[in-house]
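Trainee:
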Amino acid sequence: MPDVELLKYSSREGASNLQDKEDRQTVCPSRRRSCALVNTPSPCVNKAVCHIQELKRKLESWWQLTGQHLRSDGRNINSNMLGLTSADGKDDGLPKELCIEGIGLFLGGGFTLFDPSNGMNILRKETMDVLMEVAYLIDRLEADRQDAKESLRKERQTRERLGKKISSLALWKLQEFPVVVQNEHEACIRDICELKWHLRQKKETLEQVKDKVAHTQVLHRRLNEDIDFVKKHGPLVKEKLELEDDFMTKIKAAQVEADDTFAKTTENLKKMERDLKEEDDALHREKKKLAKDLDRLQHRLKKKEVEYEELQCSWVELNHKVTNMEEAVSEMVDLCNGLNQQIPKLDEQQSNLQNEVELLENEIEKERVKMDRIKKNTAELQNQISEIRQAGDTKVAELEAHLSKGRKELMALREETQEQELEIEDYTTKINQSEMATKQLQVDMKRIQQKIGQNERARDKAQEHLVPVMALHCSIKANLKDLEQLTFIEEQSNRNVTEKLKKEIMVEMKAIAILKKNISAAIVEFNKEKMRTDEEREDIQSEFEKVSSATATLEMEVKELRKLYSDKTEQAENLKIEVSNVQTAQQNCSNDLQEKRTAKLQSVNAVKELFNNVSGRYEDVKSRIGELQSISKGYREESDKMEKTAKALPTIIEELQSICEGVQYKHERALDIMTIIQHDITNCEERTIHKTEAHEILFPKRHTAMLEIKADLREALQENARLAHEYRNLQKDLMIAKREAVCVFDQKNRAEVSFQERKQLSLLQKRMHKAMVKYFNHRSLHSQAELAYFQSLSNANNQKITTVQEELSKAIQRLSAFLLSLTDDSTTTGDGANKQSNPDASGLSGEMPAVQIAL
1 MPDVELLKYS SREGASNLQD KEDRQTVCPS RRRSCALVNT PSPCVNKAVC HIQELKRKLE
61 SWWQLTGQHL RSDGRNINSN MLGLTSADGK DDGLPKELCI EGIGLFLGGG FTLFDPSNGM
121 NILRKETMDV LMEVAYLIDR LEADRQDAKE SLRKERQTRE RLGKKISSLA LWKLQEFPVV
181 VQNEHEACIR DICELKWHLR QKKETLEQVK DKVAHTQVLH RRLNEDIDFV KKHGPLVKEK
241 LELEDDFMTK IKAAQVEADD TFAKTTENLK KMERDLKEED DALHREKKKL AKDLDRLQHR
301 LKKKEVEYEE LQCSWVELNH KVTNMEEAVS EMVDLCNGLN QQIPKLDEQQ SNLQNEVELL
361 ENEIEKERVK MDRIKKNTAE LQNQISEIRQ AGDTKVAELE AHLSKGRKEL MALREETQEQ
421 ELEIEDYTTK INQSEMATKQ LQVDMKRIQQ KIGQNERARD KAQEHLVPVM ALHCSIKANL
481 KDLEQLTFIE EQSNRNVTEK LKKEIMVEMK AIAILKKNIS AAIVEFNKEK MRTDEEREDI
541 QSEFEKVSSA TATLEMEVKE LRKLYSDKTE QAENLKIEVS NVQTAQQNCS NDLQEKRTAK
601 LQSVNAVKEL FNNVSGRYED VKSRIGELQS ISKGYREESD KMEKTAKALP TIIEELQSIC
661 EGVQYKHERA LDIMTIIQHD ITNCEERTIH KTEAHEILFP KRHTAMLEIK ADLREALQEN
721 ARLAHEYRNL QKDLMIAKRE AVCVFDQKNR AEVSFQERKQ LSLLQKRMHK AMVKYFNHRS
781 LHSQAELAYF QSLSNANNQK ITTVQEELSK AIQRLSAFLL SLTDDSTTTG DGANKQSNPD
841 ASGLSGEMPA VQIAL
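According to full-length UniProt numbering, the sequence shown is numbered sequentially starting from 1.
1. Are the beta-carbon atoms belonging to Gly163 and Lys430 less than 8 Å from one another?
2. Rounded to whole angstroms, what's the CA-CA distance from Thr823 to Leu787? Just pull it up for me.
3. Spell out a yes or no on whether the segment 711–720 and the segment 481–488 are touching, meaning 3 or more CB-CB pairs, one atom from each, closer than 8 Å.
4. Rounded to the nearest angstrom, what separates residue 902 and Leu195 at their Cα positions?
5. If we count the other Cβ atoms within 10 Å of its Cβ and call it buried at 16 or more, is Lys203 buried or exposed?
6. Applying the 10 Å Cβ sphere with the 16-neighbour rule, what's the burial state of Tyr136?
7. Would you tell me roughly how many angstroms separate the C-alpha atoms of Glu331 and Glu307, rounded to the nearest one?
8. Would Ile166 be called buried (16 or more neighbouring beta carbons within 10 Å of its own) or exposed?
9. What does DSSP give as the partner residues of Glu190 in its beta bridges?
10. Determine whether the beta carbon atoms of Asp226 and Lys644 lie at a separation below 8 Å.
11. Pairs of beta-carbons, one from the segment 505–521 and one from the segment 250–269, closer than 8 Å: are there three or more?
12. Give every residue of the same chain whose Cβ lies closer than 8 Å to the Cβ of Leu601, excluding the five residues on either side of it in the sequence, and list them in chain order.
13. Buried or exposed for residue 856, going by 16 or more other Cβ atoms inside 10 Å?
14. Bridge partners of Lys430, per DSSP?
15. Go ahead and label Ile697 buried or exposed: buried means 16 or more other beta carbons lie within 10 angstroms of its beta carbon, across all protein chains shown.
16. May I have the straight-line CA-CA distance separating Val213 from Glu654, to the nearest angstrom?
17. I think Ile519 touches Thr265, with their Cβ atoms under 8 Å apart; what is that distance to the nearest whole Å?
18. Taking C-beta to C-beta, are Glu435 and Arg159 nearer than 8 Å?
19. Kindly list the residues whose CB is nearer than 8 Å to the CB of Ala721, restricted to its own chain and excluding five residues on each side of it in sequence; keep chain order.
20. In three-state DSSP terms, what is Lys8?
21. Measure the alpha-carbon distance for Arg447 versus Thr205 and round it to whole angstroms.
22. With 16 other CB atoms within 10 Å as the buried threshold, where does Gln433 fall?
23. If Arg702 sits next to Leu169, beta carbons under 8 Å apart, how far is it from one beta carbon to the other, in whole angstroms?
24. Could you round the C-beta distance between Ile505 and Ala254 to whole angstroms and report it? I think they count as a contact, below 8 Å.
25. Note down, one range per segment and in chain order, each beta strand (DSSP E) of at least 3 residues found wholly within the segment 489–536.
26. So, for Ser623: in the same chain, excluding its five sequence neighbours on each side, which residues have a beta-carbon less than 7 Å away from its beta-carbon?
27. How many angstroms separate the CA atom of Arg750 from the CA atom of Ala785?
28. How many Å lie between Gln756 and Arg728 at the Cα?
29. Using the Cα positions of Ala796 and Phe790, report the straight-line distance between them to the nearest angstrom.
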């Protein structure tokens with residue numbers, strides 16, 4: 001809405017119209033005051049027009065009703081007044097308490113007669129109320145117009161005063177202020193303009209913030225509407241969610257049971273595999289133990305050799321570092337010698353600098369003498385000036401007598417000019433006020449024009465937006481219907497799919513139960529066969545132990561009774577045959593066990609394949625269920641969004657209609673204001689023309705005075721510049737002398753500081769050299785001790801290796817002697833026995849196994 005000033009009652013109306021108001025209030029007790037803007041004229045006129053239109057509408061409707069009843073009934077006239085009221089006491093679109101003279105009818109069908117004088121009085125009161133209110137509003141509008149005229153006249157007077165004050169201030173500024181002050185004043189004006197610009201920007205930011213707040217409020221309303229919609233339709237959604245949760249719990253329970261069966265089967269399979277692996281590992285461990293022992297011994301030897309080589313390398317590196325440090329120390333000693341040689345040169349430079357400082361001090365003394373001479377000359381000049389002043393004072397006294405007369409005349413003229421200046425100031429203040437008012441009016445005009453343009457644009461945009469919004473609304477409704485049908489069809493298909501999946505899951509659960517039974521039976525059979533193999537293995541081990549004990553006793557008997565060897569050979573052959581039979585039986589048992597093991601593994605692999613297939617199908621079914629659930633959720637979300645947009649559209653349309661009505665009202669109001677402002681602008685332009693004519697007459701006189709003042713100022717400025725130039729030259733000479741002295745002092749200080757730092761450096765380098773020598777001596781002793789320790793360890797290891805080698809050689813010698821003794825006994829018995837025993841002896845010598853010793 002544009003800014004509307006609330007105009008009060010005029011001062012003339014307050015005293016003269018009090019009685020009229022009281023009379024009107026007594027005559028019009030039922031008058032209402034319901035204007036939107038109470039103190040403005042145009043809404044009140046609109047209100048009066050609306051009242052008159054309502055009265056016309058009531059009369060027309062009443063006449064139409066009376067005409068219809070007269071035509072329908074056609075009865076005789078009984079009286080001169082007709083009154084209509086509803087029998088039910090309701091307002092069915094009929095006018096209340098209306099009457100017309102000259103007609104008297106009896107109306108049936110819900111209407112009854114009443115006293116016509118009362119209806120006439122009521123109608124007369126209403127018409128009088130309306131007419132009195134219209135007259136009151138017209139009087140009020142005339143009073144407002146007169147107040148507006150008076151305010152315009154006052155503003156014009158203030159404008160003239162301000163113009164006069166501005167002209168007087170401009171003259172005073174041209175006469176009094178110099179150019180420098182004017183420049184400073186202009187800089188201040190620029191700063192003020194910048195501050196005003198910043199204020200405008202902040203106001204614009206405030207407006208933007210207000211717009212954002214309004215937008216957020218609109219969004220908040222929409223959110224509240226969405227929340228209300230959710231609260232209304234929440235129970236239905238909760239029921240749907242509860243049903244879906246029940247289905248999901250059932251599916252999850254079935255999934256948990258399947259996972260449990262899967263876990264149990266996997267654990268059983270893992271146990272079977274572990275048992276098989278343990279049996280295989282037990283066979284391989286015994287083979288690896290001997291190989292590991294030999295590998296450990298070889299690895300230890302290699303480690304010792306590598307450590308010995310590393311120690312040699314470290315010894316070489318330490319020697320190389322020691323040589324490098326010695327070279328660095330020698331270089332540092334050379335640097336110290338060079339610095340000691342530069343010290344006398346620096347002393348010579350210092351002495352030269354001191355001589356230069358003395359020369360500069362002599363020059364400064366000379367300049368002081370010159371300054372003293374200049375001071376003496378200035379004192380003489382001052383004495384001469386005082387003499388000239390004494391001679392000029394007499395002349396000045398004479399001139400002052402003449403000037404006193406002129407001053408009196410000037411004082412009288414000055415008083416007259418002051419009075420005129422005060423009048424001019426009053427006029428200038430009035431002109432300034434009027435100019436400010438015109439500027440504000442221009443700003444208001446521009447703002448109103450901008451607002452009108454913005455409102456028109458907003459109206460066009462709103463109209464443009466309404467068309468696609470309506471089209472969107474229709475398309476959204478159609479899409480909603482299609483989506484509802486699609487969702488219904490998809491829900492049915494999802495239900496069918498879920499039922500099919502449940503059936504498949506039940507079938508697969510039955511298959512899993514059958515597989516569990518088969519696996520349990522296979523495990524029982526495997527355990528039984530394992531027990532049998534363990535028992536057979538124990539029997540074979542017991543028999544093997546018995547045979548080994550028998551062989552040991554036989555060997556003892558062979559050693560003790562070598563003479564009876566020929567008798568016992570037959571028993572040994574029999575025992576060997578039994579041992580070979582036992583070995584063949586053991587091999588046959590092991591082969592049978594391996595075949596059974598392969599068969600069981602094949603059955604287990606088949607069970608695994610079946611289980612993998614079942615788990616794959618289960619995962620596919622699970623993924624399909626998740627996809628269907630996600631699709632259904634997406635459709636539900638889209639349908640909720642469409643419903644929300646469909647509900648929000650009518651509210652948006654109503655808001656846009658209200659905005660359009662407000663814009664139209666603003667447009668009408670702005671046109672009225674524009675007409676008033678244009679009339680004021682024409683008056684202002686006429687006044688500015690008169691002022692420009694007066695300005696053209698006064699401007700040349702003021703310009704000549706300003707040029708004379710500028711010439712005097714230029715001469716004074718030239719003198720000031722010359723004196724300032726001389727002062728600057730003297731300051732420059734002084735600063736140069738001071739800088740030279742400071743530079744000499746700094747150089748001296750730097751030389752002293754560098755000399756001290758170099759001394760400290762040399763001392764630190766000497767201490768560092770000593771510390772490094774001590775460190776390397778300590779490090780060499782430590783490394784020598786470590787080498788000695790490693791050498792002692794290597795000697796001890798060599799001794800241990802030699803002892804082990806000697807023991808091995810002795811054991812080998814003993815074994816070879818034992819074998820030779822066995823061969824010697826067999827040859828002696830062959831010579832003393834019969835011919836039948838010769839092939840037996842030859843068989844024994846040929847069947848003796850070769851003994852191998854692994855190192």
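The beta-carbon is built from N, C-alpha and C at its ideal position, and this holds for glycine as well.
Mentor: From the atom records:
1. yes
2. 54 Å
3. no
4. With the chain covering 1 to 855 only, the question about residue 902 has no answer from this structure.
5. exposed
6. buried
7. 36 Å
8. buried
9. Contrary to the premise, residue 190 reads as Arg rather than Glu in this sequence. DSSP output for Arg190 lists no bridge partner at all.
10. yes
11. yes
12. Leu276
13. The chain is shown only over 1 to 855; residue 856 falls outside these bounds and no answer can be derived.
14. Arg161
15. exposed
16. 21 Å
17. 6 Å
18. yes
19. none
20. With a pLDDT of 37 at Lys8, under the threshold of 50, the modelled position of this residue cannot be trusted, and the question is left open.
21. 17 Å
22. buried
23. Between Leu169 and Arg702 the Cβ distance is about 13 Å, and since that is not below 8 Å, they are no contact.
24. 6 Å
25. none
26. none
27. 52 Å
28. 42 Å
29. 10 Å
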